[in-house]
């Protein structure tokens with residue numbers, strides 16, 4: 012829900028930084044990879060060690076790169092097909108590292124109730140499926156936009172819950188993960204329904220390569 016509208020208010024900050032990076036000769040793809048490596052490394056190193064607040068703040072900083080690379084490409088006149096694939100793949104890596112690290116912390120030394128661990132696992136899986144449904148639908152010529160919990164909402168809820176938990180706020184992360192699990196699962200269903208209702212949903216497709224004719 013926030014993906015499209017949320018970019019406009021921060022454009023006043025993002026665009027000058029992106030323009031400066033372009034002038035410095037930094038490529039959008041290099042920034043994508045650097046941001047993914049940094050955010051993933053921070054999550055995997057800090058969250059299992061219990062440094063939740065620091066992990067939330069630093070992950071948020073490097074996730075900001077996800078806004079910068081796209082803006083850099085746009086200011087250069089548009090991105091490339093490979094850039095879009097790289098960006099989507101790196102987003103999945105960052106999300107997997109974040110929720111995988113949270114699940115590790117929850118499971119270690121009994122930090123989280125089994126139900127909360129299950130909610131984190133549901134969020135980890137559903138977040139990947141939400142993105143995959145959109146990508147697979149678009150590859151089939153079906154537009155699947157929007158949804159209750161897109162990546163922006165997912166990161167905001169997770170990082171706020173993580174940060175507040177690191178500051179000692181009781182059950183902040185638990186509440187965030189339960190909300191994310193329910194919202195992400197609902198978004199999978201929502202996007203499936205959108206795809207099913209598309210006018211081209213019933214169009215035939217070619218059989219997979221190697222299938223019997």
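Residue numbers (the working numbering): 12 to 224.
The C-beta atom is built at its ideal place from N, Cα and C for all residues, glycine as well.
Taking only the alpha-carbon atoms, compute the straight-line gap between residue i and residue j and give it to the nearest angstrom.
i	j	result
residue 13	residue 69	Its pLDDT being 48, under 50, residue 13 is placed unreliably by the model, and nothing is read from it.
residue 35	residue 55	30 Å
residue 189	residue 196	11 Å
residue 105	residue 74	9 Å
residue 178	residue 172	10 Å
residue 213	residue 117	43 Å
residue 66	residue 215	47 Å
residue 133	residue 43	26 Å
residue 76	residue 138	20 Å
residue 226	residue 194	The requested residue 226 is not part of the displayed model; the chain covers only 12 to 224.
residue 89	residue 206	27 Å
residue 258	residue 127	Here the chain comprises residues numbered 12 to 224, so residue 258 is not present and cannot be evaluated.
Return the first residue and the last residue of the alpha helix (DSSP H) that residue i is part of.
i	result
residue 138	125 to 150
residue 39	39 to 57
residue 77	76 to 86
residue 118	92 to 118
Around the C-beta of residue i, are 16 or more other C-beta atoms found within 10 angstroms, so that it is buried, or is it exposed?
i	result
residue 233	Any answer about residue 233 is impossible in this case: the structure gives the chain only from 12 up to 224.
residue 220	exposed
residue 39	buried
residue 161	buried
residue 192	buried
residue 199	buried
residue 120	exposed
residue 125	exposed
residue 156	exposed
residue 59	buried
residue 24	exposed
residue 147	exposed
residue 164	buried
residue 152	exposed
Margin query: In chain order, what are the residue ranges of uninterrupted alpha helix (DSSP H) at least 4 long that sit wholly in the region 174 to 220?
Written below: 183 to 207
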